[in-house]
Every structure is written in C-alpha cells, then in structure tokens.
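J.:
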C-alpha cells in the first residue's frame, strides 16, 4: 500500500461519549448526599434563625458559617457531580464547569478554614481562664474572623477564574470541556502547590497542633493540675495535710453529719467519729481518702437505713 493511499484512507474516530458508561449507583448516592446535605444544613440554619439563645454564644456562629458552606456545596456542586457521574462524561461545557469550580472552591475551602477556626476555639476554651476565653472569643472577633475567611476565599476563587478565562496559566495539555470538567489552572504545578499549602497543609497542621494541645490540657484538668472553679489538685491536699473537696467527693453543705446522725438516734456515732471541717458527704463524714470514705459512708448509710444494724454499727464505725 502506497503512502498516498494510506493518507487518503478514512479513519473513523468515535465521539467521546461512545463506549463510556455511567455509574448509576454512585450517582444515586451523590444525589442522596446532596439532598441530605441540603435538608440537614437548612435545618441547622433555621434553628439558629429561630432560637435566639443559639446566636448569643459567639462560637456557635462558626457552626452557622460551616452549615452555609456545606449548603452551598449541596446546592450546586453535588448535583452537577451526580449528573457527570451518571452520564460518565461532562456534557455542560466550559461555562458551567467554571461555575461549578467557583462554588466548589468557596464551599470546600471555607469549610476547611471554619473547621480550623473551631479547633482553635476549642483549644482556647481549655487553655485559658473562662473570662479570658470570653474576652478573646467575642461576638466581634468571631464575626470578623468569619467575614475575613469568606472574603479571602471568594477573592482567591475569583482570581482563579480570571487566570482561567485569560489563559494566564496555560495547561500542559488541552482540555476538552465537552467531555470532562477539569480546571486547566489546576494543571499548573506551581498553582497546584500553592493551593495545597494554603488550602490543606497549613489548616491541617493548625488543627493537629490545636487538637494535641486540647487533649493535653484536658488531661491536666482531669488530673486536677489546672485549677478552676470547683477543681483542685490532689497534691495540695497532701501538702497541706487537710481534706479538700474533690470531684470524687459529693459534698452536701445543707445537712451536717451531726444532724443526720442525731435524727436517726445514733448520737454516739457522732462522738466516736468527728466530722472534718463540718462538711458531709451524701452518706456521712468527708474523709481525705476517697476509697476509705466510700466504704465508711456506705456502712453508715446502712446503719441509718436499718435499726437492726445499729448495735453492729456502733462497733464497726468506732
């Protein structure tokens, strides 16, 4: 076969959609996810709109902003992705692809930044005194943070659209928008690296540090090493040699031990086991050792409940 004959031969090139199969199951799941996202976040926004008390706590505004970002994704991004998944290709052209990419950038990036802000808020809550926390996380601060995050993300998304429309960052390969929705700007390695660092790596690092700090401070609080209202360190009790009210001791300040014991005819128990600092537990005297306190209080409780045990209690509690 000659070269000219080879060049004159016609070759049938199938259209892009030929032989492409959609994924109806995945498309159905995306549609359900879109519906649930819309309903759930719309309910959250309605609850904040109706219930005034929810709006009074500044940190709850982060949840409102997060719900708004997720609602935007469920309204625009997920339905178009479900259509693309069902057909197996992108049928809507470049303009709709730009619209989808614009709202996807806003919704996803704002959600990531808001979650980062929530992580910082949780860290400040356990690491600062509550009065200091309220001074930092005020209505003005939270609203300013949310406004700054949304504005910065919208401006960055607009910048990407401008670079896309002007071909300022040409892709290494041409993109057929009758077949696939692939932002050509994101095919540029430098731009893609900047998006990765600003939109993923830095927020993830902040969330990891804040989560670690939250766990460490919470652990210290549970151990009693950080003082706050109603909390104390067990080491202070050992150093001072006096009994302290703890999370393990339920103190009833309204009823004294002498009143409880005398009422049940056990005045001799009061003389044999004097109370400490005039405080009582739910069953009796407060003690410096929680384990011994529990056993002694339980025994005294049975003494007060049953007259049959009174003679035994006079011996057991002495």
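Residue numbers (the numbering used here): 1 to 318.
Quick reminder that beta carbons are idealized off the backbone N, C-alpha and C, glycines included.
Determine the direct distance from the alpha carbon of residue 222 to that of residue 167, and round the result to whole angstroms.
T.: Here residue 167 refers to the residue found at position 167 when the chain shown is read from its first residue. Here residue 222 refers to the residue found at position 222 when the chain shown is read from its first residue. Taking the straight line from one Cα to the other gives about 57 Å.
J.: Are residue 73 and residue 48 closer than 8 Å when you measure CB to CB?
T.: By one-based count along the chain shown, residue 73 stands at place 73. By one-based count along the chain shown, residue 48 stands at place 48. Contact flag unset, no.
J.: Residues in its own chain within less than 6 Å of residue 54 by CB, not counting five upstream and five downstream?
T.: In the chain shown, residue 54 corresponds to position 54, counting from 1. Cβ within range, chain order: 48 and 60.
J.: Does residue 186 come out as helix, strand or coil in the three-state DSSP assignment?
T.: What you label residue 186 is simply residue 186 of the chain shown in a count that begins at 1. Correct three-state label for residue 186: helix.
J.: Would you tell me roughly how many angstroms separate the C-alpha atoms of residue 119 and residue 145, rounded to the nearest one?
T.: Numbered from its first residue, the chain shown carries residue 119 at position 119. Numbered from its first residue, the chain shown carries residue 145 at position 145. Their backbone Cα atoms lie some 14 Å apart in a straight line.
J.: Look at the Cβ atom of residue 139, then the Cβ atom of residue 24, and state whether they are nearer than 8 Å.
T.: In the chain shown, counting from the first residue as 1, residue 139 sits at position 139. In the chain shown, counting from the first residue as 1, residue 24 sits at position 24. No, they are not a contact pair.
J.: Work out the CA separation of residue 36 and residue 43 for me, nearest whole Å.
T.: Taking the chain shown and counting its residues from 1, the one referred to as residue 43 is at position 43. Taking the chain shown and counting its residues from 1, the one referred to as residue 36 is at position 36. If I take the Cα positions, the gap works out to 10 Å.
J.: Would a C-beta distance cut-off of 8 Å place residue 104 and residue 66 closer than the cut-off?
T.: Here the question's residue 104 lines up with position 104 in the chain shown. Here the question's residue 66 lines up with position 66 in the chain shown. Their beta carbons are not under 8 Å apart, which means residue 104 does not touch residue 66 by this criterion.
J.: Quick check on DSSP: helix, strand or coil for residue 112?
T.: Taking the first residue of the chain shown as position 1, residue 112 is located at position 112. Residue 112 falls in the helix class under three-state DSSP.
J.: So which of 175, 81, 151 and 219 has the shortest CA-CA distance to residue 22?
T.: Indexing the chain shown from 1 puts residue 22 at position 22. Among 175, 81, 151 and 219, the Cα nearest to that of residue 22 belongs to 81.
J.: What residue range is occupied by the uninterrupted alpha helix (DSSP H) comprising residue 89?
T.: Mapped onto the chain shown, residue 89 falls at position 89. From DSSP, residue 89 is part of no alpha helix (DSSP H); its letter is neither H nor E.
J.: Measure the alpha-carbon distance for residue 203 versus residue 212 and round it to whole angstroms.
T.: Within the chain shown, the letter at position 203 stands for residue 203. Within the chain shown, the letter at position 212 stands for residue 212. Each residue's alpha carbon lies about 14 Å from the other.
J.: Would a C-beta distance cut-off of 8 Å place residue 117 and residue 62 closer than the cut-off?
T.: For the purposes of this step, residue 117 is taken as the residue at position 117 of the chain shown. For the purposes of this step, residue 62 is taken as the residue at position 62 of the chain shown. Yes, Cβ-Cβ distance for residue 117 and residue 62 is below 8 Å.
J.: Within a Cβ cutoff of 7 Å, which residues of the same chain sit near residue 150, ignoring the five residues on either side of it in sequence?
T.: Stepping through the chain shown from its first residue, residue 150 is reached at position 150. 110, listed in sequence order.
J.: My output table needs one value for residue 23: the three-state DSSP class, helix, strand or coil.
T.: Here residue 23 corresponds to residue number 23 of the chain shown, with the count starting at 1. The answer is coil: DSSP assigns residue 23 none of H, G, I, E or B.
J.: Would you decide whether residue 101 is buried or exposed? Buried here means 16 or more other CB atoms lie within 10 Å of its CB.
T.: Here residue 101 is taken as the residue at index 101 of the chain shown, counted from 1. The residue in question, residue 101, is buried, as its Cβ has 16 or more Cβ neighbours within 10 Å.
J.: Looking at the secondary structure, which residues open and close the alpha helix (DSSP H) in which residue 70 lies?
T.: Position 70 of the chain shown, counting from 1, holds the residue named residue 70. Counting along the chain, the alpha helix (DSSP H) containing residue 70 begins and ends at 60-72.
J.: On the premise that residue 182 lies in contact with residue 175, defined as a C-beta separation below 8 Å, what is that separation, rounded to the nearest angstrom?
T.: Position 175 of the chain shown holds residue 175. Position 182 of the chain shown holds residue 182. With a Cβ gap of about 5 Å, residue 175 and residue 182 count as contacting.
J.: With 16 other CB atoms within 10 Å as the buried threshold, where does residue 70 fall?
T.: Mapped onto the chain shown, residue 70 falls at position 70. Its Cβ being crowded by 16 or more others within 10 Å, residue 70 is buried.
J.: Please report how far the alpha carbon of residue 326 lies from the alpha carbon of residue 90, in whole angstroms.
T.: Not covered by the structure: residue 326. The range shown for the chain is 1 to 318.
J.: Cutting at 7 Å between CB atoms, please list the residues of its own chain near residue 121, excluding the five before and the five after it.
T.: On the chain shown, position 121 is the one that residue 121 refers to. Cβ within range, chain order: 59, 62 and 137.
J.: Can you say whether residue 123 is buried or exposed, counting buried as having 16 or more other CB atoms within 10 angstroms of its CB?
T.: As a first step, residue 123 is located in the chain shown; it is residue number 123 there, counting from the start. When all chains shown are included, residue 123 counts as buried.
J.: For a test of the three-state rule: what should DSSP assign to residue 220, helix, strand or coil?
T.: Along the chain shown, one-based indexing puts residue 220 at 220. It is helical.
J.: What distance in whole Å lies between the Cβ atoms of residue 68 and residue 38, which are believed to be in contact at a cut-off of 8 Å?
T.: By one-based count along the chain shown, residue 38 stands at place 38. By one-based count along the chain shown, residue 68 stands at place 68. With 8 Å as the limit, residue 38 and residue 68 do not qualify as a contact, their Cβ atoms being about 12 Å apart.
J.: Look at the alpha carbon of residue 108 and the alpha carbon of residue 161, and state the distance between them as a whole number of angstroms.
T.: For this step, residue 108 is matched to residue 108 along the chain shown. For this step, residue 161 is matched to residue 161 along the chain shown. Answer to the nearest angstrom: the Cα atoms are 16 Å apart.
J.: Which residues bound the alpha helix (DSSP H) around residue 144?
T.: Within the chain shown, the letter at position 144 stands for residue 144. Run containing residue 144: 139-165, per the alpha helix (DSSP H) assignment.
J.: Can you grab the Cα-Cα spacing for the pair residue 209 / residue 215, in whole Å?
T.: The sequence position of residue 209 within the chain shown is 209, counting from 1. The sequence position of residue 215 within the chain shown is 215, counting from 1. Roughly 10 Å between the two C-alpha positions.
J.: Here's a check: name, in chain order, each residue in its chain whose Cβ is nearer than 6 Å to the Cβ of residue 186, leaving out the five neighbours to either side.
T.: As a working mapping, residue 186 is identified with position 186 in the chain shown. Closer than 6 Å at the Cβ level, and outside the excluded window around residue 186, lie 192.
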